[in-house]
Amino acid sequence: MNLISIVEKKHLKNIPDLKSGDTVRVHQKVREGSKERIQIFEGVVIRIRGGKGTSATFTVRKIASGVGVERTYPLHSPNIVKIEVLRRAKVRRAYLGYLRGLRGKAARMKEQQFDKLAVNVEERELKPEELAKSEEIEEVVETEEVKTEVSNEEGFVEAKEDDTEEVSEKEDSETSEDTAEVAEEEAIEEELKEKTEEEDKK
């Protein structure tokens with residue numbers, strides 16, 4: 000499991016099990032300036048795309064005053080407050096595009112019985128196995144972060160030790176240069192003293 004799938008799991012919402020042919024009621028947050036309200040759009044799901052990831056979308060179609068209106072929503076959008084499944088139809092296709100050309104009774108679909116309470120569960124409890132897996136993933140990520148921090152600290156300490164060695168080498172070279180200069184000055188003074196003594200003897 001890579002890091003992208005781990006991050007995506009955090010953004011997945013608990014939504015009902017949608018299928019093509021379902022009559023749904025979508026509660027969407029709409030912002031108008033500084034105000035915020037919930038807009039309800041009710042229609043038939045004619046298409047579901049993108050699988051079960053964060054990029055999944057579903058298209059809802061309804062007839063408003065004799066005109067067909069379609070809206071495509073991201074399945075895990077934070078602006079969608081709730082999705083209610085009202086009715087479920089028996090269909091044989093994943094994409095119900097043929098409904099666009101039908102009107103009235105011709106657009107009706109045969110209803111299928113289903114358990115509304117089971118489908119419209121807002122919060123699903125995770126199984127113990129799923130909880131254990133999520134904890135293991137978090138532990139692995141934390142240990143990797145700790146390892147990187149420790150390696151960075153070790154590198155910093157090594158760099159400091161190298162700096163101290165360089166400073167000590169510089170100090171040793173400076174002291175050796177000073178001693179050489181002092182020795183040269185002493186030799187010059189001795190030569191001058193010898194010359195002055197010879198002149199005095201003459």
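Residue numbers are given in numbering that gives the first Met the number 0: position 2 of the sequence shown equals residue 1, and the series is strictly consecutive. Glycine included, C-beta positions come from ideal geometry on N, C-alpha and C.
Relative to the C-alpha of residue i, which candidate in the options has its C-alpha closest?
i: Phe113; options: Gln27, Ile62, Val25, Val84; result: Val84
i: Ile62; options: Ile187, Glu180, Leu191, Arg107; result: Arg107
i: Gly103; options: Val66, Arg92, Lys115, His75; result: Val66
i: Ala117; options: Ser4, Glu7, Asn13, Lys8; result: Asn13
i: Val90; options: Gly50, Ile45, Lys194; result: Ile45
i: Ile79; options: Gln38, Lys192, Arg60, Val6; result: Gln38
i: Ala88; options: Glu193, Ser4, Ala186, Leu17; result: Leu17
i: Ser54; options: Gln111, Glu41, Tyr72; result: Tyr72
i: Gly100; options: Arg60, Asn119, Arg70; result: Arg60
i: Glu41; options: Glu185, Arg92, Arg70, Ala105; result: Arg70
i: Arg92; options: Arg36, Asp21, Lys51; result: Asp21
i: Pro15; options: Arg30, Lys51, Ile3, Glu31; result: Lys51
Run through DSSP, which three-state label would residue i get?
i: Glu198; result: helix
Report the rounded CA-to-CA distance for residue i versus residue j, giving the unit in angstroms.
i: Val68; j: Leu95; result: 14 angstroms
i: Ile47; j: Ser19; result: 7 angstroms
i: Glu198; j: Glu188; result: 16 angstroms
i: Lys109; j: Thr58; result: 20 angstroms
i: Asn1; j: Ser64; result: 49 angstroms
i: Tyr97; j: His26; result: 26 angstroms
i: Lys34; j: Lys28; result: 10 angstroms
i: Pro77; j: Lys115; result: 23 angstroms
i: Leu191; j: Glu180; result: 17 angstroms
i: Glu137; j: Glu7; result: Low confidence applies here, because Glu137 scores a pLDDT of 49, under 50, leaving its location unreliable and the question unanswered by this model.
i: Glu134; j: Ile5; result: At Glu134, the pLDDT of 48 sits below 50, so the modelled position is not reliable; the number obtained from the coordinates is stated separately. Distance between the alpha carbons of Glu134 and Ile5: 12 angstroms.
i: Lys9; j: Arg86; result: 30 angstroms
i: Glu183; j: Lys194; result: 17 angstroms
i: Ile82; j: Leu74; result: 10 angstroms
i: Glu196; j: Glu185; result: 17 angstroms
i: Arg36; j: Val23; result: 19 angstroms
i: Asn119; j: Gly32; result: 32 angstroms
For the alpha helix (DSSP H) that contains residue i, what are its first and last residues?
i: Val118; result: 115–118
Could you tell me whether any non-hydrogen atom of the ligand GDP is closer than 8 angstroms to the CB of residue i?
i: Arg91; result: The model depicted lacks the ligand GDP and carries no ligand whatsoever.
Taking only runs that begin and end inside the segment 7–87, name each unbroken beta strand (DSSP E) of 3 or more residues, in chain order.
-> Here the runs fully enclosed are 22–31, 34–48, 56–63, 66–73.
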